[in-house]
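Presented below is the structure to which this report refers.
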Amino acid sequence: MTGGKWNDLLASLKKTLGKVHTLNENNKVTIINFSSQALVEYSGASPDSINVNSLKFQGGGTDFHRALLTALDHIKVIKHNEITMVFMTDGEACYPTSAVTSLKQYIQSPNFNKKFSFYGIEFKCTTNVIKQ
745 MTGGKWNDLL ASLKKTLGKV HTLNENNKVT IINFSSQALV EYSGASPDSI
795 NVNSLKFQGG GTDFHRALLT ALDHIKVIKH NEITMVFMTD GEACYPTSAV
845 TSLKQYIQSP NFNKKFSFYG IEFKCTTNVI KQ
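One gets the numbering used here by counting positions in the sequence shown from 1 and adding 744 to each.
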């Protein structure tokens, strides 16, 4: 996702963060930058404090499985009552069946009493993985 795709993703992220902050100045954001690895770049940060330009393309493949499991680990410790996940990708990866199953099981469990929303954004994809 180098070059244009990465720049498009960053531009979209800037707009998304601006809207998140406008909706509620108390919103907190976690950003997980992923390729073949998943790196938590920001955790519980105010959207207006995030320097999007500091996010660097990691290189390597695209591993949705690792990204979603890292997000799930993070969701398990979040104290907020409302969680929104925005998953942004070029879509060039296999469908992460077991990670999606784990995420669904956790958020559908009786012990999970938070509002959860998920949005998927694909950039110039040749596959439809997010729609699955």
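Here a beta-carbon is modelled for each residue, glycine too, at the ideal position from N, C-alpha and C.
Locate the beta strand (DSSP E) running through residue i, then write down its first and last residues.
| i | result |
| --- | --- |
| residue 775 | 773 to 778 |
| residue 833 | 826 to 833 |
| residue 821 | Per DSSP, residue 821 belongs to no beta strand (DSSP E); it is in the alpha helix (DSSP H), 808 to 821. |
Determine the contact status of residue i and residue j, defining contact as a CB-CB distance below 9 angstroms.
| i | j | result |
| --- | --- | --- |
| residue 780 | residue 807 | yes |
| residue 860 | residue 832 | no |
| residue 796 | residue 754 | yes |
| residue 760 | residue 782 | no |
Using alpha carbons as the reference points, say which of the options lies closest to residue i.
| i | options | result |
| --- | --- | --- |
| residue 864 | 845, 812 and 849 | 812 |
| residue 749 | 844, 846 and 836 | 836 |
| residue 791 | 762, 783, 809 and 805 | 762 |
| residue 844 | 788, 793, 765 and 809 | 809 |
| residue 856 | 764, 839, 826 and 758 | 826 |
How would you label residue i, buried or exposed, when you count the other beta carbons within 10 angstroms and need 16 or more for buried?
| i | result |
| --- | --- |
| residue 786 | buried |
| residue 766 | exposed |
| residue 778 | buried |
Could you give the residue range of the alpha helix (DSSP H) that holds residue i?
| i | result |
| --- | --- |
| residue 839 | Note, residue 839: premise wrong, no alpha helix (DSSP H); not H, not E. |
| residue 783 | From DSSP, residue 783 is part of no alpha helix (DSSP H) but of the beta strand (DSSP E) over 782 to 789. |
| residue 756 | 748 to 767 |
Taking one C-beta from the region 818 to 835 and one from the region 791 to 805 each time, how about it: are there three or more such pairs within less than 8 angstroms?
no
Looking at C-beta atoms only, is the number of pairs between the region 771 to 789 and the region 841 to 853 that lie closer than 8 angstroms three or more?
no
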